[in-house]
Structure formats: C-alpha cells, structure tokens
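Shown next, in structure tokens, is the structure this report addresses.
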Amino acid sequence: MNKTSTKTFFVLFVMLLVSLTTFAQSTIVSGTVTDKQTNEPMPGVSVTIKGKNVGASTDANGKFSFSTTEKPPFILSVSYIGYKSIEQSVSGNAGNLSFQLEESGVVLGQEVVISASRTPERILESPVTIERMGAAQIKEVAAPSFYDAIQNIKGVEMSTQSLTFRSYNTRGFNANGNTRFNQLIDGMDNQAPGLNFSVGNIVGITELDVDNLELLPGASSALYGAGGISGTLLMTSKDPFKYPGASFQFKTGINHVNDDNSKVQPFNQVDARLAKSWNNKFGVKFAFSFLQAKDWYGTNYSNYDRANNAPKAGTRQSDPNYDGVNVYGDEVSQNMRNVNGAVEAQTRAAILAATGGLFNPQTTFNALPAGTPYPTYVNLINTNPAIPAALRPTLLNQYLPFYYASRNPAFLPNQNVSRTGYNEMDLVDYNTKSLKLSGGLYYNITPTVQLIAQANWGTGTSVYTGSDRYSLRNFNIGLYKLELKGEDFYLRAYTTQERSGDSYISSILGSYINEKTTASTSWFPTYIGTYIGAKLGGQTDDQAHALSRANADKDRVAPGSTTFNNYAWQIKNTYISQTDMAKGIYGAKFNDKTNLYHYEGMYNFSRLFDNVVEFQLGASARRFDLNSGGTIFDDLNKTIDINEYGAFGTVGKKFGDIFKLTFAGRYDKSTNFEGRFTPRVTGVLTVAKNQNIRASYQTGYRNPTTQNQYIDLSVGGGSQRLIGGLPEFLNKYSLLTNKPYTEKSYRNASAGTGTLEQYTFDPRGVRPESVTSYELGYKGLIGSNFMIDLYGYMSTFKDFITGINVYQNNSGSFVKFGVPVNADGKVKTYGGALGLDYLAGKYNISGNVSYNKIGDLPADYVNDFNTPTIRYNLGLGNREVFKNFGFNVNYRWQDKFNWMSSFAGGEVPAFGTVDAQVNLKVPSVNSIIKVGGSNILNKYYFTSYGNPEVGAMYYVSLAFNP
C-alpha cells in the first residue's frame, strides 16, 4: 500500500507540474443576468462554459465576469435553482452578454445523473433504477434536514437509532449499523472504518453545501466495489466556482412534545458556508454546521427472552429473570439451582478445610432419609455431640439452607434469576451535539482539469445500536482527500480517520455499576439464601422472590446519587481492556482509532473511440488499519491490517436511438478471502420519445466487516463474548475441538426440558456473501407533466452472513459466544416499486409505493429481512402558491413487520407520519423563511425494535442565500 500511495501522489505531482507549464491567451467573458418577469438583477446565478470547469456566478448586481483560454465559438450554460437553464452559443464578442431567466417550477425527467453508469446521462435513460434529489428539492424538504428527507424516496427504508444517527437501506435486510449499504461523499466512502458502516450524517455534507444526491437501490459492486449490495448513496457538495458567496442558516425548534419521559426540549442548528473563486483558476470554500438537542429516549422496557430472541411476558416485579430491552445490567443471569449447588460445595469444602478433613456435613446429613423435614436437620445440628459447638452457627446459617435445597430439588425452582438493571435513561448521554466542518481548495489547471484538496471533519455525541446500545460521546471522524480530475479521468486518494473519543457500552456500564456495588459472586448467593429462608418461613414464591431481591439489592446505588455518578464516571473513563475484576477495576470505554486509506483512478476512453462505444477502466486499493487497543478488536498486542484491491471496466454501445447495451465487471481481492469477479449487464430500449424500458443483470458482494473478522469483545454486561469468524478465532477459543452447544439446546437443558446439541463450525470460517439480481423497469414521461417509474426485481443471496450464539463448556462453566457465520443454502427476495409524479399547474403531486418480500428460508436461518412488505409516500407541493410563498407536505406509511438484530427483535407496528413546511421567499435579501416539522401529528413511533420512539420536531428557520 505504501508503494501504491507513493505512485499515486507522484502521478498527481507530475501532471500538475506539466499542466502548469501550459500557457494560452485568455478571453474575457462578461455580462448580466436578470429575472425575466421582474427585470431585477439575479445574484448567485451560475454561468459556465458547457463541459468545462470554467465559469463564475453573478454578483449582487447580477453581473459576472471570468477569463478563459477557450476560443469562441463555445456554449455558455446559465442556471439557477428554480429557474429554467439557458444554453447560448457565443461565436463573437464574449463581453456585455445579457441573459434573462424564467422560473421553471418543477421540470420532470430532465435531470442528469452520473452514478448509474459513471458517466452523465438523462435519468430517463438510466440503465438501472436510480433516484435523485437535486438542490431545488433539498431546499424545499419538509424534514428538519435533507438527510432526514431521504426516507421519502421511493423504496428506501430507514432505522432511527437516535436523533442524528439514521441508517438507510433498500430492498430488504435493513439494519441498525447497515454494512450492506454504501454511502459516498464526493467520492469518499464515509463509513467509520472500525464499524464498517456510515454513521448517519455525523460527518458529511452540511445542508448549505449539498448540491445533489443520487441513490442506487440494490447491488452496485460491479461499479463501486465490495459492499453496497443493498444500495449505494452518493452525495455531492457544491463547487465554489459554480456556487460562490456567503450563505447562512439558523434553525430553532422543539421536540419531546407530550413525552412522558421529558418536558418539551429545544433544539438549535446553525449553518454557514463561504466560497470564493479568483480568475476561474483558484477556488476555496468552507462550511460549518452545529446542532444541539436532546436525543430521543430508549424506553422499551419489554421483557426479552434471549434464548428465543423474542419478547416475552413479565415485568421486573413478576419475572425473577426479567431482562428489559432498554435496561442494562439485568443481562447477568444465573440458574438458581446451579448457584445453590456451587454455594453448597464451596461451604462444604471450607468446613472440611477448617476441621482438617475430619467433618463432612454432607455425609452426616445424608444419613437422614430423603424427605426429612428441615427442623429435623436443625435438631440434629444442635444435639449431635459429634458436631463441634463452634461449628453449629456456620452449619445452621451458611450450609444447611443450601444443602436442604440441593437434597430437595422441588424446594428450589429450576429457573434463572437476573440482577436488577438500570434504565438506559440513567446510563446514556442524551445531550446530542453535532459539529461538522468542511473545506476545500480548488485549482483549475486547465479549463478541463481540476486539482482538489478537501477535508471533512465531524464530531458529536449520539447513540447507535449494534449488538448493544453504544453511547457515542465526542466521537469524531475525518475524511481528507486529494483528487485530480478531468473530463475523462480522475485520480483520487483519501483517508478516513475514526476516533471513538469518550464512547462507551451502556450494558457494560450498567453491569459494572452493579459489580462495584455488590459483586455477582455475593449477590446471587444472597438472593438464593434469602429465597430459601423465605420459603422455609412459609412465604409464597412471589413473596420469596421479592424479599430475595430486596435483600440482595440492599446496597444498590440509586441512579443520580453521588455514589452512582462517581461509579459511572470511573467506569466510563476506564477502557474495557483495563478491566481487572480481581482489583476492582471496571471499564466500559472503547478506544477505537481505526483508519482507512483508499486510492483509486478511472479513465474514460470513449473520446478516443469517437464515442462510437463507451469504454472505461478503473482500479482501486485500500487498507484498513485496525487500532482499538484491545477494546473492540483482538489487537491489544498485535497489529492488524486488511488490504483490498480491485479493478473494473465498462463497455457500452448505442444502436441508433433505440437501444443501448452495456457490460461491466469488477475483480476484487481482500487479505483474508479469495478474489471474486462481479459482472453487470444492462440494456435500455427506447420505445418512444422519453419512454424507456430497462433491464439489468447485476451481481454484488460484501466482505465480512472488520468486526466480523477481528472483533473480540465482551458485551451484554459481560454475559457474552463476540468474536471474529476467521479460523484463527475458532482456534483461539478451541471452538473446532471443544465443540460448543446451540443456544436453544443449552436453554432447554438448563430448564430440564431437553438435552444439549453440539454445533459444528465450518473450519473455513466466515466468508464473503454475494447476491445476484435481475431487474426489469420502465420510466416514461407522458406529455410534459406526468412521469411514471416502475420496476420489479428478484435477488438471490448466497453465503449470507448472519450470526449464531453458542455455549461452550469450559471445565463445567459455560461461556456464551456470538460468532458470525454463513447461512447454508440460498436466500431469495423479490419486490418492486411504482413512482408517479404529476404537475398540475404549479402544483407537484407525487406518490410512490414499494413492495419487498423474502422467499423460503434455509433451515435454522434467523430471518433478519427487517423490511415492511408495503411502504408508500404521498406528496403535494407548490413552490409559489402566490408570490414568494410556497409549501410542501409529505405523508409516509409503512406496514408492520418483524425486526431482528443482534441487540433485540420483535414486532415493529405499522405507522404513518406527516412532514410539512411552508416557506416565504424574501428576494430583496435573497433569503427564505421556513416553518415546518416532521411527524407533525406527534404520533410516536419506532422504526426498529429496541430503538427509541420518535415524536414530532417543529422548527422555524431563516436562510440567507441558501
């Protein structure tokens, strides 16, 4: 990888040096742009030479001026959000030009997209399904941010884990941290390298700097490499040459309205952007965004059965083994009879040691017949001269209750009891903050070649759901890029730097607060001993359990107390790898400083073939540098790097104006896995003007994530160890030789309702999963005001990566492991979607519906399709109902479905929600005032089981030069 890096930067330097020696005479292009209806000058209008990185934007007086080495004739493109673009040929004098722009309202089907084929094409002619949100739509979204509004796009599903952490997906297998969905910002993969998924928009484009976004549903590995088998989102920021000037936005509002857990809370957001260019040669921009709010609360207190991965009946008061979904520390659980047997054996061994092996109480008591009443044992202890008087209190109070329960199994229930946990609200930091900074330096080496140095950095406090609920405090990610690009090529190098800050695992925090108060080695014997005493005293089972918990919890620290806060502070600021229970050191903090280094390039040879065929070649290389200090990965005492390499090519041919056929393919190789080839074949048939039928065969794959490969982490309050699925971990924990038992059989055996069943791991370990997908679609424009987009798909997944829980017997003590594995057999999914857009005068009426279904499942496969069968959106908007006043409203509904993840699973009820906004434009100061809200009816809902309920957010915003 170091050689690759050196070569990449060397090429960049040489090309820059050569281009700087080029000299050409300049032509001055200047003029004025006005509004056709009012004749008022228009600031901020983009004026560029078509196909070149040359141009300028108009100033406050509507004037523009720039120099170019291009000789007339050339075509000027004049564009502004919400107005019809103009293209005008300039063949003579390029000075004192005059343009008038006319408001366009909404134009259907004329957008140009790039990501579907890696080359510009009309969206109507895209060979695969693609969705786009342009700058005008972004300005008018009703949701609090453009990123929130992505969920209204056709076929998109979303998991809301917190206010600033949303995971998107398409076509099934939605997930909290979605490793099957790629997200790119200006060509940079903004996944957190240690997590392998994008952390929402915590680091990303600010609202004032986003130019457009394009979404590719389904597999896209043939063009974009590993991952993205459930979709790829590409976001593009604004170019300072096309969007110069200063922009500012202030947004304020409230949430937690009618929330039983909180009073109404404020939220505030400030955005700013500055961009400037000089002589069409040098450009610079800077963007800033800061948000502060109170996060949504995780308050699902349903009792959860981890054996069957499903909710169960009961509360803390009614179920001794209660395990609340958003309650942490109660994952620690032990079987009452097992604890009793252990205490009896330990006490007996202590008595034997104290008497020099002369007195074995078990032998003495076994002389009495089975069924002997308890008082008889008491009398024996008090009257038997063979028992030393000094030993009698120990026998009566510390040994006999446990012996009696062991001798009379029916006396003690064969069930588990759990420790008393703490609610998530008492453990997690809900003071959400998000700070995003980005900047770029742009140099136009020639009219068609541009050099870019770009940085995006974000930090914040949020909550995300993985196999646990992780409190991300002062978490930050930086993306740093150097890119050289032209009309037909680009060379790009970037790095993603992840820093976990003060982040910690909530369940470990809850569990370790319990341990610092009363160790489990004392808590459970106290519980069992109290229970036996209560039953001997004639108490009912419920009364005995209540007395037992009260006694065992007598030293429990109350949430919010000084002692609680001190314990929490110590644990949150101690790394997991520093935990030493023998010394009373407990840590829940993880220390992730994982980095990603990526290099790629592409050349489009189409011009060399006079555009008779389209031909592109590209290659990429990347390295994951894992660095968690043993708090996530098995890297405490060793270095772990993962190298990946790939190359791709596309060739396309258009047969007249009727049919276009394209072949694409990519080969990728990763350190731990064999190389693989992913092909794609697409065809577009034009059946009439602006009406096209598309068909595609696509393949995709994803490597097991960095955590799938190398994680070695205790979760669930220490009740489970997550390990990587590579053979080295199966060998490290002897899971191939000391075979573990399935979770279901272990639970049944513990309850006395079944026998243990072994689980056999594949010695090859976890491997990449793949998908093959077929799609048939139609996109057409009927007249100029009605557009239809319809598609159906069918996908087949192989070696689907899932997870399994097993129990290994280590010298009589069972240890629970969570291990990623590949599902046997194939998983098939199918579905489709329909989108309609209709222009009725200035009104834009839209609607879309999607259908997704999973087929028959392999045996023992845990269904984590996590997608509603039916989902639809309805929208109505008008940019100008009357002068300068517009609105937008969107209704979203989805069917109920079952959610399953490594954290929790259960039913997600059906829900519908309304987002709406009204806006007033103030042209005199180039500003817009917006009043709106998401979920304005304030019907609380949740998108995935175990995540918080989401209520309304109401806001008002003022934006200058948005």
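Anchor point for the sequence shown: position 820 equals 849 in this note's numbering, and the numbering is continuous, going up by one each time.
Every residue gets a Cβ at the ideal spot worked out from N, C-alpha and C, and that includes glycine.
Predicted model, so just to flag it, every value in this text is computed and none were measured.
Can you list, in chain order, the residues of its chain whose CB lies under 7 Å from that of residue i, leaving out five sequence neighbours each side?
{"i": "LEU751", "result": "SER496, ILE740, LEU742, VAL744, GLY847"}
{"i": "TYR403", "result": "TYR433, LEU565"}
{"i": "ASP582", "result": "THR449"}
{"i": "SER118", "result": "PRO102, ILE104"}
{"i": "LEU245", "result": "SER144, ALA145, VAL157, ILE159, GLY260, THR261"}
Once DSSP output is grouped into helix, strand and coil, what is the label at residue i?
{"i": "LYS323", "result": "strand"}
{"i": "MET71", "result": "coil"}
{"i": "TYR493", "result": "strand"}
{"i": "GLY962", "result": "strand"}
{"i": "VAL985", "result": "strand"}
{"i": "THR972", "result": "coil"}
{"i": "ASP954", "result": "The question names Asp, but residue 954 in the sequence shown is Val. Correct three-state label for VAL954: helix."}
{"i": "LEU863", "result": "strand"}
{"i": "THR728", "result": "strand"}
{"i": "SER118", "result": "strand"}
{"i": "ALA933", "result": "coil"}
{"i": "ASP177", "result": "helix"}
{"i": "LEU420", "result": "helix"}
{"i": "VAL979", "result": "strand"}
{"i": "ARG345", "result": "coil"}
{"i": "PRO390", "result": "helix"}
Could you spell out the range, first to last residue, of the alpha helix (DSSP H) harbouring residue i?
{"i": "ARG147", "result": "Neither: ARG147 is in no alpha helix (DSSP H) and is coded neither H nor E."}
{"i": "HIS285", "result": "Run containing HIS285: none; DSSP gives neither H nor E here."}
{"i": "TYR432", "result": "429-436"}
{"i": "GLU757", "result": "756-761"}
{"i": "ARG695", "result": "No alpha helix (DSSP H) contains ARG695, which is instead part of the beta strand (DSSP E) from 688-699."}
{"i": "LYS773", "result": "772-779"}
{"i": "TYR253", "result": "250-253"}
{"i": "ALA164", "result": "164-168"}
With residue i as the anchor, note down where its beta strand (DSSP E) starts and where it stops.
{"i": "SER879", "result": "872-883"}
{"i": "ARG366", "result": "From DSSP, ARG366 is part of no beta strand (DSSP E) but of the alpha helix (DSSP H) over 365-383."}
{"i": "TYR406", "result": "Premise fails: TYR406 lies in the alpha helix (DSSP H), 403-412, not in any beta strand (DSSP E)."}
{"i": "ILE474", "result": "460-475"}
{"i": "PHE826", "result": "815-827"}
{"i": "PRO849", "result": "842-851"}
{"i": "GLN749", "result": "749-752"}
{"i": "TYR901", "result": "899-911"}
{"i": "THR831", "result": "830-839"}
{"i": "ASN672", "result": "669-684"}
Grab me the residues of residue i's own chain with a C-beta within less than 6 Å of its C-beta, minus the 5 sequence neighbours each way, in chain order.
{"i": "VAL83", "result": "THR97, ASN309, PRO476"}
{"i": "GLN212", "result": "ASN219, SER227, LEU262"}
{"i": "LYS510", "result": "MET217, GLN483, TYR523"}
{"i": "THR50", "result": "Low per-residue confidence applies at THR50: pLDDT is 37, beneath 50, and the placement is therefore not dependable, though the value from the model is reported in the following sentence. Contacts found: none."}
{"i": "GLN526", "result": "GLY507, ASN624"}
{"i": "GLY906", "result": "ASN873, ASN917"}
{"i": "GLY747", "result": "SER540"}
{"i": "VAL947", "result": "PHE916, VAL960"}
{"i": "SER61", "result": "Strictly speaking, residue 61 in this sequence is Thr, with Ser absent from that position. Closer than 6 Å at Cβ, skipping near neighbours: GLY91, LYS92, SER127."}
{"i": "TYR626", "result": "THR524, ARG652"}
{"i": "VAL878", "result": "LEU863, TYR901"}
By Cβ distance, which residues of its chain are closer than 8 Å to residue i, with the 5 residues on each side in sequence left out?
{"i": "SER549", "result": "VAL361, GLN363, ARG448, ASN543"}
{"i": "PRO156", "result": "ALA145, SER146, LYS689, THR691, THR711, GLY712, VAL713, ARG723, SER725"}
{"i": "GLY353", "result": "ASN329, TYR330, SER331, ASN332, TYR333, ARG345, ASP359, GLY450, ASN452"}
According to DSSP, residue i sits in a beta bridge with which residue or residues?
{"i": "THR449", "result": "DSSP, once it has assigned bridges, lists no residue as partnering THR449."}
{"i": "VAL713", "result": "LYS689, ARG723"}
{"i": "ASP334", "result": "ALA339"}
{"i": "GLU132", "result": "TYR112"}
{"i": "ARG502", "result": "ARG502 is not bridged to any residue."}
{"i": "GLU160", "result": "LEU244"}
{"i": "ILE78", "result": "LEU105"}
{"i": "PRO708", "result": "GLY694"}
Taking only beta-carbon atoms, is residue i less than 8 Å away from chain C?
{"i": "PHE790", "result": "Going by chain labels, chain C is absent from the structure shown, which holds only one protein chain."}
*Please go through the region 523-598 and give each complete alpha helix (DSSP H) segment of 4 or more residues, from N-terminal end onward.*
For the region 523-598, whole alpha helix (DSSP H) runs of length 4 or above, ordered along the chain, are 535-546, 549-565, 570-581.
*Could you name each continuous beta strand (DSSP E) segment of 3 residues or more that falls completely within the region 177-229, going from the start of the chain to the end?*
Runs found: 185-189, 195-199, 211-214.
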